[in-house]
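Residues in the sequence shown are numbered from 3 upward in steps of one, following my numbering.
Even for Gly, the Cβ is constructed at its ideal location relative to N, Cα and C.
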Amino acid sequence: MKKLAKSHVATAPRGQMTALAILLLFALTSSTAAQTLAGTVTNGTTGKPAAGDQIILLSLANGMEEAGKTTTDSGGKFSFKLTDGGGPHLIRAIHQGVTYHQMAPPGTNSVEVQVYDVAKKIPELGMTADVLRFQTDGGQLQGTRLFAVNNTSAPPRTQMNDHNFEFYLPEGAKVESSQAKAPNGQPIAAEVVPQSEKNRYAIVFPLRPGETQFQVQYTLPYSGTAKVDPKPLYPAEHLVVVLPKSMHFAASNGSAFQSMQDPSQGDTIVEVAQQTKPGQSLGFTLTGTGTISDEPGKVAAGAAQQQGGENRPGGGLGAPIEAPDPLDKFRWYILGGFALILAIGAFVVMRRQPEAATATGTMPTAPPASVSEPRSARSAPVVTAALASAVSAPADRSSKLLEALKEEMFELELERKQGKISPPDYEKARAALDQTLDRALKRKS
Numbered sequence: 003m004k005k006l007a008k009s010h011v012a013t014a015p016r017g018q019m020t021a022l023a024i025l026l027l028f029a030l031t032s033s034t035a036a037q038t039l040a041g042t043v044t045n046g047t048t049g050k051p052a053a054g055d056q057i058i059l060l061s062l063a064n065g066m067e068e069a070g071k072t073t074t075d076s077g078g079k080f081s082f083k084l085t086d087g088g089g090p091h092l093i094r095a096i097h098q099g100v101t102y103h104q105m106a107p108p109g110t111n112s113v114e115v116q117v118y119d120v121a122k123k124i125p126e127l128g129m130t131a132d133v134l135r136f137q138t139d140g141g142q143l144q145g146t147r148l149f150a151v152n153n154t155s156a157p158p159r160t161q162m163n164d165h166n167f168e169f170y171l172p173e174g175a176k177v178e179s180s181q182a183k184a185p186n187g188q189p190i191a192a193e194v195v196p197q198s199e200k201n202r203y204a205i206v207f208p209l210r211p212g213e214t215q216f217q218v219q220y221t222l223p224y225s226g227t228a229k230v231d232p233k234p235l236y237p238a239e240h241l242v243v244v245l246p247k248s249m250h251f252a253a254s255n256g257s258a259f260q261s262m263q264d265p266s267q268g269d270t271i272v273e274v275a276q277q278t279k280p281g282q283s284l285g286f287t288l289t290g291t292g293t294i295s296d297e298p299g300k301v302a303a304g305a306a307q308q309q310g311g312e313n314r315p316g317g318g319l320g321a322p323i324e325a326p327d328p329l330d331k332f333r334w335y336i337l338g339g340f341a342l343i344l345a346i347g348a349f350v351v352m353r354r355q356p357e358a359a360t361a362t363g364t365m366p367t368a369p370p371a372s373v374s375e376p377r378s379a380r381s382a383p384v385v386t387a388a389l390a391s392a393v394s395a396p397a398d399r400s401s402k403l404l405e406a407l408k409e410e411m412f413e414l415e416l417e418r419k420q421g422k423i424s425p426p427d428y429e430k431a432r433a434a435l436d437q438t439l440d441r442a443l444k445r446k447s
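Right under this line is the structure:
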C-alpha cells in the first residue's frame, strides 16, 4: 500500500505538467489562429474607397491555394482570420471584372490595394518600345515581338474590351507562344486571338495604368528572304529590329531606320526607328540565315553596364491564366526571353541620350557602376526589372530598384523554403542580388 501511494504521489506532478503543456500548446495554437490580415481597397480613379469589391485570400505556402473570400465594406475595408501560421499570402481584388494583386509577406498585418475603373477605350495609350527579333532555323524564320505599352490616362483607368491590344504579324506566321506582363507583376500566359482582318491579332488582357508588356513568339516558312511590315497601330517612341549579323536588313523607307550596334552583343544588327506613328510605312526585307546567341544574363548585364537603367515593371491578373504565381516552373524561361529583348531595346534607346545631350551642348552625367550578373536563370528578373522601363527614364530610379530588389529577395527566399530552387542556383542568385543591392545603396547615398 505504501509503495502504491508513493507511486501515485510521484506521478501526480507529471500529470499536472502534461496538462499544463497541453493548455500552453492550445493557447499558442489559439493565438496563431487568431492572427488577422486586414486591408483597404482604394479606387485610384476616384480616390475613394472601393466598396463591394470581391477579395480573395491566396495562401502561397502550398502554391496558390484559396484560403478565404470576402467583400469590401462601405469604407473599402476587409479582413481575414489567418489559420496557417501567418505565412506568405497574396490578396486578389476584383473591380469591374479586372483583378489586382498585392503581396502580403509573412508577419504582415495590413495591406493596401489599389484598383481602377474600367473603360473600353482609352486614348492615352502609347508604346515606349516595339522590339522585333529575328533568326533562322532550318526552313523557318523565328520571330519574337515585344511591346511595352504605356497607359497614361488621367484620371488613371484600365482599358478592357474584347480585342484590347491589337497588332499585325507577317503573312504565314504561326504563333508558338505569348506572354503578358502587367505593371508590378510577373510574365504569364496570354492568348493571341486572330481578328477578322487578315494577319491582325489581339490579346485580351487588361491595360492598367502604367506599363504593360506583351511578348509574342512565332515562326513562318523561310526560303532565304522575307518581307515584314510591322504596321504599327499605336504611336511608339522606338521601334527596334534585331537580327544576326549574318543576315541582311533592307528598309523600304531608308530614312526611317538608323543602324546601331551593341558592343556587348557583337553578333547582331540593330536597326531603330524613332517616334513612329500609327499606320506609318516601316516595312523591311530580311535575307540570309543566322542565329542570335541566347544569353540573356550576359546581354542584359552589358546593357546595364552601358546605361545603368533601374526600375521594375511588373503583376499578373487572375486565375486561370492571370495568376502571378511565383512558383511557376516556366517563369525563368519566360523572364529570360523578356530579358534578352528588353536588354537590347533598352541599350538602343538609352544609347541615344548621351548623343542628344552632346548635340544640345549639355554634358551627360556619368553612368552608374556596372551590374555584375552571373549566368543564372534567377538573375534574369533583376536585370530585366532594371532595364524594362529604362526607356521611360524615371526620375527616381534607385528608389524603384530598391523596391524591386526587396520583392525579388522575398520571392527567392520563398522558393528556397519550398524547395523550388536548387542550392547552387540559390547561392548564385542571392550573390547577384546582394551585389546589385550594394551598388544601388551606394548610388542612393
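Item                                                                                                                     : Value
Meets three-Cβ-pair contact criterion under 8 Å: the region 190 to 202 and the region 165 to 180                         : yes
Where Asn-64 falls, given that 16 or more other Cβ within 10 Å makes a residue buried                                    : exposed
Candidates Pro-185, Asn-255, Leu-92, Gly-421, of which the one nearest Phe-207 by Cα                                     : Pro-185
CB contact below 9 Å: Pro-237 versus chain D                                                                             : This model lacks chain D altogether, as it is built from one protein chain only.
Among Thr-47, Thr-221, Ile-93, Phe-82, the one whose alpha carbon lies nearest that of Val-177                           : Thr-221
Among Ile-96, Gly-292, Arg-210, nearest to Arg-135 - alpha-carbon criterion                                              : Gly-292
Supposed contact pair Ala-238 and Gly-128 - C-beta distance, whole angstroms, cut 8 Å                                    : 7 Å
Residue span of the beta strand (DSSP E) that contains Ala-153, given as start and end                                   : Contrary to the premise, residue 153 reads as Asn rather than Ala in this sequence. 142 to 153 is the span of the beta strand (DSSP E), which, as asked, contains Asn-153.
His-250 - containing beta strand (DSSP E), residue span                                                                  : 250 to 253
Reduced DSSP secondary structure (H/G/I, E/B, other) of Lys-430                                                          : helix
The region 151 to 158 in contact with the region 211 to 221 per 3-pair CB rule at 8 Å                                    : yes
Supposed close pair Val-115, Gln-104 - CB separation, criterion 8 Å                                                      : 5 Å
Beta-carbon spacing of Phe-149, Ala-121 below 9 Å                                                                        : no
Ile-271 vs Gln-137 beta-carbon contact at 9 Å                                                                            : no
For Leu-209: DSSP bridge partner residues                                                                                : Gln-161
Residues of its chain near Pro-425, where Cβ-Cβ distance is below 7 Å and the 5 sequence neighbours each way are ignored : none
Assigned secondary structure, Leu-171 (DSSP; H/G/I helix, E/B strand, else coil)                                         : coil
N- and C-terminal bounds of the beta strand (DSSP E) containing Ser-424                                                  : Unbroken run through Ser-424: none, as it is neither H nor E.
Nearest to Val-117 (by Cα), restricted to the options Ala-275, Val-100, Glu-126                                          : Val-100
Contacting residues, own chain, Cβ-Cβ under 8 Å from Gly-141 (five flanking each side not counted)                       : Pro-223, Tyr-224, Ser-225
Rounded C-alpha distance that separates Lys-71 from Ile-57                                                               : 6 Å
Integer-rounded CB distance, given that His-91 should sit under 8 Å from Leu-59                                          : 6 Å
Bridge partners - Tyr-102, DSSP secondary structure assignment                                                           : Ala-95
Option nearest Val-218 by Cα separation, candidates Gly-109, Lys-229, Ser-180, Pro-234                                   : Ser-180
Beta carbon of Val-230 nearer than 9 Å to that of Gly-290                                                                : no
Residues sharing a beta bridge with Tyr-220, DSSP                                                                        : Gly-145, Val-177
Candidates Lys-422, Glu-199, Glu-68: closest to Ala-95 by CA position                                                    : Glu-68
Cβ-Cβ distance between Glu-199 and Val-243 below 9 Å                                                                     : no
His-165 versus Leu-62: straight-line alpha-carbon distance, rounded                                                      : 32 Å
Burial state of Gly-46, where buried means 16 or more other Cβ atoms lie within 10 Å                                     : buried
Thr-138 in three-state terms, based on DSSP                                                                              : strand
C-alpha distance - Gly-77 paired with Ala-40, whole-angstrom precision                                                   : 13 Å
Same chain only: Cβ atoms within 6 Å of Arg-354, ignoring 5 sequence neighbours per side                                 : In this prediction, Arg-354 scores a pLDDT of 45, lower than 50, which makes its location untrustworthy; no coordinate-derived value is stated.
Nearest-angstrom Cα separation, counted from Pro-51 out to Ala-175                                                       : 46 Å
Residue from Asp-269, Leu-414, Gln-260 with nearest C-alpha to Gln-277                                                   : Gln-260
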